[in-house]
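Throughout the sequence shown, residue numbering follows the numbering used here, covering 734 to 1304 in sequence.
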Amino acid sequence: MGISYSSPLSPSLSTTTLNITHSSLFPCTSKANPGTISDSTFSHTNNISLNNLQKPTKKFGSFYYCSHNTTCLGSKIVPLKCFDKVREMETQEGIAQKPTIDIHGIDEELVQKMVDDALVWSSLHGLVVGDRSVQRSGKVPGVGMVHAPFSLLPVTFPESYWKLACEVAPIFNELIDRVSLDGKFLQDALSRTKKVDAFTSRLIDIHSKMLEINKSEDIRLGLHRSDYMLDEQTKLLLQIELNTISSSFPGLSCLVSDLHRSLLKYYGEHIGLDSSRIPGNTSVDKFAEALAKAWTEYNNPRALVLVVVQPEEHNMYDQHWLCAALKERHNVRTIRKTLAEIDKDGEILPDGTLLLGGKEISVVYFRAGYAPTDYPSEAEWRARVLMEQSSAVKCPSISYHLAGTKKIQQELAKPNMLERFLENKEDIAKLRKCFAGLWSLDDSDIIKKAIERPDLFVMKPQREGGGNNIYGDDVRTNLIRLQKEGSEEDAAYILMQRIFPMVSPTFLVREGICHKDHAISELGVYGAYLRNKEKVIINEQCGYLMRTKVSSSNEGGVAAGFAVLDSIYLN
């Protein structure tokens, strides 16, 4: 995945002066509030009243990027002018939500001291990624490391919404497991997509093969992350997507929380912040525990956990933190291999045992295999089939993988669909409250409205990893093209309500340089689910990931170069 540092408003930015800012860098992010949306604008009955839409409003006064308004003299940074005041907004409960952390009055010299301390802390504590400008940095550990991009201060987040996101995590875990067991639902829901999306089609073919041979997964392990944004107009915490494969940053996300606590411990009195308001983040420990328990359920102490990785991985240290926790706390050994290497060295014994280089594999943990680029040849597809056919625990299995696709997300948002998989009415209501508007492209009414107001929608293909979604006028252009062509290509996409989160000023640090910018944030809540036949061993919330990006950027993703890592300051 490539890195794109410059924003649409600052074409002159170079990779050494890039901007990323607070709070939200994912598929459904937007520019600063291009339109306000009433509660009746989006509903799961697909009724949209464009008359309820107000004209776009501007929340902030004039603002310029660092490359325009700051001068970097060595490590000295001349700050921008103060941001305009951010208005308070009301929560659902009617309680005033305070604006994000006020950075207006923070002294320039104090900011630079905090930046220097943060950079030292990151280097000493392993908050690092591979430097893409250094050859071999994505292949050889210890070569070409640079601090992970981060926000200097945590983002303010209402405690009530934080608790809600944590509360629904186990429910979403259970939902994914139930959906994964309904092979007919997965096949039927993705049948049209299969015809026009070659990558998804190959995944469905693997799933079909597993159904044909009656392959069952007695031990099922899911390490998920559900991503949300807090919509400013509706005051709802809306789900962007549910990741079931390669949920990244469990290792580095908890380090950012520790970094921010460390900074506030020493500087909190000067800037009026309390380090205890940053919630604990145990994502790497919880993920390691889930993997270790799956290894235990497999019941062979000599077996290894296989981590499936990309040939070049600049985010390898996030993965190594997890492997280190497995080794040091659970005495579980891991091995890292690419799909091509698995095809070359892997085999299955008649009893289903997966061997890699003669060593038995108990658990397969995917940190690759979620994008078409992970399968450049048939060798990679053979490796995926080999692992699926084995008796090793897969994280995720092919059925879990498909359950996390955008199309399934859209299907589950249909009226009465959750009732097919869940019984508890209160749980169903909680999940449905988090659903944004989601539609298939065979809905002519919604297509018409999206062409009229493309700024209110996001067009999403069945892809992971960032940089794939369609926004703004491109939504209109692509919808009109699909209508004229009259093909079934529309089945490769879904439409989603565009979420407009609160925009706030923040400090972003990348490549040792601090920038001040408008930003939005996205909250990801990790979840772990482990089941052996009828016994649920783990079903819990496992920490969080906060990502922040400049509000002018549509896309998100830290590894893809759009965002920075962040943490939460509860209010």
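Built from N, CA and C at the ideal position, the CB exists for glycine as well.
Counting other Cβ atoms within 10 Å of its Cβ, Val853 stays below 16 and is therefore classed as exposed.
When the five nearest sequence neighbours on each side are left out, the beta carbons in the same chain lying within less than 7 angstroms of the beta carbon of Pro1044 are those of Thr1071, in order along the chain.
At the C-beta level, Leu919 and Leu1135 come within 9 angstroms of one another.
In this structure Ile939 is buried. Its beta-carbon is surrounded by 16 or more other beta-carbon atoms within 10 angstroms.
Ranked by Cα distance from Ala1027, the options Val867, Leu1059, His993, Asp1178 are led by Leu1059. If you check the CB distance, Leu1256 and Met962 come in under 9 angstroms.
Residue pairing of Gly984 in beta bridges, as defined by DSSP: absent, with no partner found. Looking at the DSSP output, Pro1238 shares a beta bridge with His1251. Collapsing the DSSP output to three states places Ala881 in coil. With distances taken between CA atoms, Cys1167 lies nearest to Glu900 out of Glu900, Ser855, Ser870.
By the Cβ-count criterion, Asp1250 is buried, with 16 or more other Cβ atoms from all chains shown falling within 10 Å of its own Cβ. Burial state of Gln972 is buried, judged by a 10 Å Cβ sphere holding 16 or more other Cβ atoms. Counting of Cβ neighbours within 10 angstroms places Asp849 among the exposed residues, the total staying below 16. In this structure, the straight-line span from the alpha carbon of Gly877 to that of Asp864 is close to 5 angstroms. Taking 9 angstroms as the cut-off, the beta carbon of Val862 is found no closer than this to the beta carbon of Tyr1108. Per DSSP, the continuous alpha helix (DSSP H) segment holding Leu857 begins and ends at 841-858. For Asn976, the beta-bridge partners assigned by DSSP are Arg958. Runs of beta strand (DSSP E) with 3 or more residues, each lying fully within the segment 1167-1212, are found at 1171-1173, 1190-1194, listed in chain order. DSSP places Tyr1277 in the uninterrupted beta strand (DSSP E) bounded by 1268-1283. About 7 angstroms separates the CB atoms of Gln1274 and Pro903; that is less than 8 angstroms, so the two are in contact. Per the coordinates, the alpha-carbon of Val867 lies some 24 angstroms from the alpha-carbon of Cys1056. Here DSSP, grouped into helix, strand and coil, assigns Asp991 to helix. Excluding five sequence positions before and after Arg958, the CB atoms of its chain that fall closer than 6 angstroms to its own CB belong to Asn976, Ser980, Gly1257, Tyr1259, given in chain order.
Rounded to the nearest whole angstrom, the CA to CA distance from Ile1270 to Thr1029 is 11 angstroms.
Residue pairing by DSSP places Phe905 in no beta bridge whatsoever. A check of alpha carbon separations from Ile952 across Pro1187, Thr967, Ala1125 identifies Ala1125 as the nearest. Rounded to the nearest angstrom, the gap between the Cα atoms of Asn947 and Asp835 is 58 angstroms. For Leu843, same chain residues with a beta-carbon under 8 angstroms away, outside a window of 5 residues either side, are Tyr1000, His1003, Ile1004 in chain order.
Put simply, the backbone Cα of Ala851 is about 36 angstroms away from that of Val1191.
Secondary structure remark: continuous beta strand (DSSP E) runs of at least 3 residues inside the segment 1092-1165, in chain order: 1092-1099, 1126-1128. The three-state secondary structure of Glu1222, taken from DSSP, is helix. Under the three-state reduction of DSSP output, Glu1080 falls in the strand class. When secondary structure is reduced to three states using DSSP, Val1258 falls in the strand class. Judged by pairs of C-beta atoms under 8 angstroms, the segment 1146-1162 does not touch the segment 1102-1116, as fewer than three such pairs exist. Residue environment for Leu1151: buried (at least 16 other C-beta atoms within 10 angstroms of its C-beta). Straight-line spacing of the CA atoms in Ile1184 and Asp910 works out to 36 angstroms.
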